[in-house]
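**Q** Numbering of the sequence shown is given in the numbering used here, commencing with residue 78 and proceeding in unit increments.
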Amino acid sequence: MSLRTAAWATLLVLCAPAFASAQVAPRIVIAFDTSGSMALDLSGTPTFGDGVTTGCTARAGGELCGTDCTAGIDTDCDGQVNDSRILVAREAVTNMVSAFGDVDWALARFAQNQGAGTSCLNINNFECNTAGPFVTSYGNPQCNTGTAIPTGSCPFDWPGTIPAACRPGSGGRPSMRRFGGGSPTVCTNYDGVCSIGGSGGDVLVGFPDMGAFAGMNNSYAILSWLDGQETNFVNTRTVGNFCNAATTGDCELRPEGPTPLAGLLNSVSSYISPVRASDPRAGCRPYSVILITDGAETCAGDPEAAATALRMNGILTYVVGLAVGGGARTQLNDIATAGGTDAGAPGGDTAFFADDPVTLSAGLSDIVRRSLRSEICNGADDDCDTLIDEGVANACGGCGAPPAEVCNRLDDDCDGIIDEDGSGGDVCAGCSPTAEICDNIDNDCDGTVDEGITRACGTSVGECSPGTQTCSAGTFGACVGATGPTMEVCDGLDNDCDGAIDGFSQPCGSSTGECSPGNRVCTSGSFGACVGGNGPSTELCDGLDNDCDGSTDEGDPGGGGMCGSSIGVCMPGTLRCMGGALTCTGGRGPDPSESCNSLDDDCDGATDESVATMGPCGSSTGECRQGVNTCVSGSFTCVGARGPTAEVCDGLDNDCDGPSDEGNPGGGASCGSAVGVCSPGTTVCTGGALTCSGSTGPSTETCNTLDDDCDGVVDEGNPGGGARCGATDVGACDFGAEACVGGGIVCIGATGPTMELCDGVDNDCDGMIDEGDPEGGGACGDDTGECMAGTLACTGGALVCMGGVGPTMEVCDGLDNDCDGVVDDGIPVGAPCGSDVGECVPGVNVCRGGAIVCEGEIPPETETCDNLDNDCDGMTDEGLGLGGPCGSSEGLCMPGTERCIGGRLVCEGEVGPTRESCDCSDNDCDGATDEAPSMGTLCPSGSTCVDCQCALPCQASEFGFTCPTGKAPRIEGDTCFCVADRCDEAACAAETVERDGDTLCGPDSADVANCVC
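#1: Assess contact between the region 148 to 166 and the region 181 to 201, defined as three or more Cβ pairs (one per stretch) separated by less than 8 Å. Is contact present?
#2: Check whether the region 642 to 650 touches the region 604 to 624, counting contact only when three or more Cβ pairs, one atom from each stretch, lie closer than 8 Å.
#3: Using the rule of at least 16 other Cβ atoms within 10 Å of the residue's Cβ for burial, across every protein chain shown, is residue 208 buried or exposed?
#4: Could you compute how far the alpha carbon of residue 98 sits from the alpha carbon of residue 915?
#5: Tell me the DSSP secondary structure of residue 411 in three-state form.
#6: Within a Cβ cutoff of 6 Å, which residues of the same chain sit near residue 194, ignoring the five residues on either side of it in sequence?
#7: Tell me, which residues are paired with residue 655 by DSSP?
#8: On the DSSP bridge list, what partners appear for residue 273?
#9: For residue 353, report the span of its alpha helix (DSSP H) as first-last.
#10: For residue 526, which residues of its own chain have a beta-carbon under 7 Å away from its beta-carbon, when the five flanking residues on both sides are left out?
#11: Can you name, in chain order, every residue of its own chain whose Cβ lies under 8 Å from the Cβ of residue 391, other than the five neighbours on each side?
#12: Give the secondary structure of residue 253 by DSSP, where H, G and I count as helix, E and B as strand, and everything else as coil.
#13: Do you know whose CA, among 411, 104, 432 and 181, lies nearest residue 120's CA?
#14: For residue 467, does the three-state DSSP call read helix, strand or coil?
#15: Which residue's Cα is closest to the Cα of residue 729: 716, 701, 338 and 1050?
#16: Going straight from the alpha carbon of residue 335 to that of residue 112, what length do you get?
#17: Using CA coordinates, which residue listed in 171, 412 and 400 is at the minimum distance from residue 295?
#18: Measure the C-alpha to C-alpha separation of residue 838 and residue 846 and round it to an integer number of angstroms.
#19: Taking 6 Å as the limit between beta carbons, can you name the residues of its chain near residue 383, skipping five residues before and five after?
#20: Just to confirm, is the Cβ distance from residue 755 to residue 773 under 8 Å?
#21: Here's a check: name, in chain order, each residue in its chain whose Cβ is nearer than 6 Å to the Cβ of residue 964, leaving out the five neighbours to either side.
#22: With residue 822 as the anchor, note down where its beta strand (DSSP E) starts and where it stops.
#23: So with Cβ pairs under 8 Å, would you call residue 329 a contact of chain D?
#24: Start and end of the alpha helix (DSSP H) containing residue 297?
#25: When the Cβ atoms of the region 120 to 136 are set against those of the region 163 to 170, are three or more pairs found closer than 8 Å?
#26: List the DSSP bridge partners of residue 904.
#27: By the 10 Å Cβ neighbour count, where 16 or more other Cβ atoms means buried, how is residue 368 classified, buried or exposed?
#28: For the alpha helix (DSSP H) containing residue 935, list its first residue and its last residue.
#29: Look at the Cβ atom of residue 133, then the Cβ atom of residue 148, and state whether they are nearer than 8 Å.
#30: Should residue 357 be labelled buried (16 or more other beta-carbon atoms within 10 Å of its own) or exposed?
#31: With 16 other CB atoms within 10 Å as the buried threshold, where does residue 925 fall?
#32: Assign residue 119 to one of three DSSP states: helix, strand, or coil.
#33: Which residue or residues does DSSP assign as beta-bridge partners of residue 141?
#34: Please state whether the Cβ-Cβ distance between residue 995 and residue 1015 is less than 8 Å.
#35: Under the DSSP definition of a beta bridge, which residues are partnered with residue 155?
#36: Using the beta-carbon count (16 or more within 10 Å), is residue 860 buried or exposed?
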């Protein structure tokens, strides 16, 4: 991993949300720009490649060369060919897909025709073309073998934009060269177009768990399109499974072609809209598209309308512009707005824009963060898992901190304990003062809650200053007195308090005429130079305001020079800029037509061309033909006529005198042949043809060793031959044919019987094929590994190895199945296995000890009450077998039901023990009533627990023991105590008083005496 890739991956992890993973995975399609301009680097310099090093070899100077090597050149001198926009974008998307495994991803690109070597490019004729075709060419120009391209030879010296340390042709670096014989012609498998069959985009990899990826994760397929390698190009165009990426295909995103933004969004809509329409959880599952591009629409489409259509189907469109100029920036903002998204950037940009890898990764992370849903405490099912506030509610099932415990014999804070004070004591007992804290409790026992509790808030970073928060009812209030962040301005101060001073940019330059604004960066309180815009240039005669002064073609640009021609009769004039074009004024121009005078009247460098002819000339008798009077060298000449020739024997009047063939032309010569049996004669012109008179001619050839047809060959054509001959045509035997040989007829070509072979042929011509197992009986096959040797047998006309065991496909079983001498080799492993749900972590399939095992996996465990998904089934703390009774039924205690709440085992509904009181009840549920506590006393100082109440000693008087009104003396042992009657005799006579099932007093009856405890 490069340092830059590691930095991006770290940033994505840091930007990932620090809350529980969403239960419903968002579905996002990555719409990737594969236009030719993605071969530029982030500053607009051509890289002549895309960073793919497959097929490359490094030369001594470090440049990568080779047939089909598309790595390109290093434009930032870091020693790596990783500067093209498409490589920067591929790395950022790789990190995003790898970091956010809880998102369902899909991948699409611009429409491209594809096929092995479909697009073969080089930089020939592109060296001095600054209009743009060079951006789609591949191949390092330093690898060419043609003439060197001298620095400064082009109108715009683009090699000069590369730092001098690595610039071709400087500092000992190899020069750029033109294409020449022996130069590598680089080919790729893709050719970008505006549309294919009406579709402007290709959905390369579909969502997981559907289509070609049913029951499968698709991240490995997406990453294979982004890994900078192309090891297995498979030319398939199945929607959602291009290159057969679901199995073995390994293709790559390549920059080639135009920018059909609307076509790509429409193609993505055709795929994702039906998926959402059939999703039963579409109401809460986010659907969106991330469009990553470096420019505006170039195929006459309407991307804003396409983004609107997606939004109307419930699908958002986020837009990420990479190294985008001013004109395209406006359109990308419009697409984001139409798609229902807003980056919320300073300056009002609704699209995300990045000019460097870190900003690109941060923007992508922000988009994914907006798409993830997780539970918050609000009484709603935010993550669509049918549970409300799971994992975020307090122990009592509400939001925020649980209620404070108060002395009311209730479990106010839902921790299973009644009236506890958080330190093992009892809120009903005397207060033990501690330092006051913000918890809605009177910690210092002064009768006031949370008094005087404050804390610092805000920040002292930059121009910000801290304030103070005051505690009320257990919660800190607003930050008072702080100075917060403001919008950053260029003043050398950290206005927004983010730890960075200035560093932002603003538009600069002019938009008048052909000028376009650039950007200037604020550094140390002032803005720097204007970078990236198009400034004024020399005014040209083109109807445009080139120098951006509000006027076009002023000053007669390009005018004043000589124009026209001095060829022929013409005379030159003077150039003037008129109507946006240079016009020649004055001088003498060409005549409208040429005359036959040996002068160049039309000033085209030729004389007397296209002069009209002056009628026919010559004779038309016999074989003669008339011509045409034509201008030649300033005068008319008869051209094309055919005159008389010498008379020949052809039935024609060759000499154009009226008669034909007069004088026996060509006659009197010897004719015929003296070859073979023939003899010569004499020629005579008769009927327009020469005939041979008095000769002996040829006859039909016969088999007699004579040249009967006088052609110089004896007995040719097999005279008298051709009849069938031979004994039989059974099996491999065949008849022959009679032939003339040496003046006689012989049998040629007959085939007789031979020894029988194992070939499915009756070689011995006995009517039987392969009888007697010919050539069989020998050993055959292999006994390596699981293979076993057999015996050769003639079967079906071929020798077959019978009884042996041959190699089979190697499987993971500890055996050499394919009999290559190696056990368990070449087995396809490495696929992910196991689960990534809950606390589980997936592993990788490996072959160990003859079996496929999932190595590195953290498997499911038995579910426990800890607010975690231990058994990895998507649910937490389920099926724990709880619900049984818990707590105690001793004394005043009452049992509850065991429950798992918030990851803790809680005895729900339990009435627990309290501090023992003097009331004839077992308050602390230890089986004893009104016993003295281990610490402190049961009754206040000076009183004693008597008859279920704390009683003071009696007062002695001269009349005996006396007590206050309502209480009566009672002797316990040697002491008299003043005790109140616990039973009201009048009330007790009318009703029974009970407590916790025990009768305290009741009407006098046979069962219970009146006022009996």
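Glycine residues also receive a C-beta, built at the ideal position from the N, C-alpha and C atoms.
What you are looking at is a predicted structure, and each value in this text was computed from that prediction instead of being measured.
**A** Straight from the coordinates:
#1: no
#2: no
#3: In this prediction, residue 208 has a pLDDT of 48, which is less than 50 and means its spatial position is unreliable; nothing more can be read from the coordinates.
#4: Because residue 98 carries a pLDDT of 37, less than 50, the predicted location of this residue cannot be relied on, and the following value inherits that uncertainty. Rounded to whole angstroms, residue 98 to residue 915 spans 9 Å at the Cα level.
#5: helix
#6: 264
#7: 658
#8: 276
#9: 338 to 354
#10: 517, 518 and 519
#11: 353, 359 and 364
#12: coil
#13: 432
#14: coil
#15: 701
#16: 5 Å
#17: Looking from the CA of residue 295, the closest CA among 171, 412 and 400 belongs to 171.
#18: 6 Å
#19: 339, 342 and 343
#20: Their beta carbons are under 8 Å apart, which means residue 755 touches residue 773 by this criterion.
#21: 972, 973, 984 and 987
#22: 821 to 825
#23: No chain D is part of this structure, which consists of one protein chain only.
#24: Per DSSP, the continuous alpha helix (DSSP H) segment holding residue 297 begins and ends at 296 to 301.
#25: yes
#26: Partner(s): none; residue 904 has no beta bridge.
#27: buried
#28: Here residue 935 belongs to no alpha helix (DSSP H), and DSSP marks it neither H nor E.
#29: yes
#30: exposed
#31: Residue 925 counts as exposed, since fewer than 16 other C-beta atoms from the protein chains shown sit within 10 angstroms of its C-beta.
#32: coil
#33: BP columns for residue 141 point to 135.
#34: At a Cβ-Cβ threshold of 8 Å, residue 995 and residue 1015 count as neighbours.
#35: Beta-bridge pairing links residue 155 to no other residue.
#36: By the 10 Å Cβ count, residue 860 comes out exposed.
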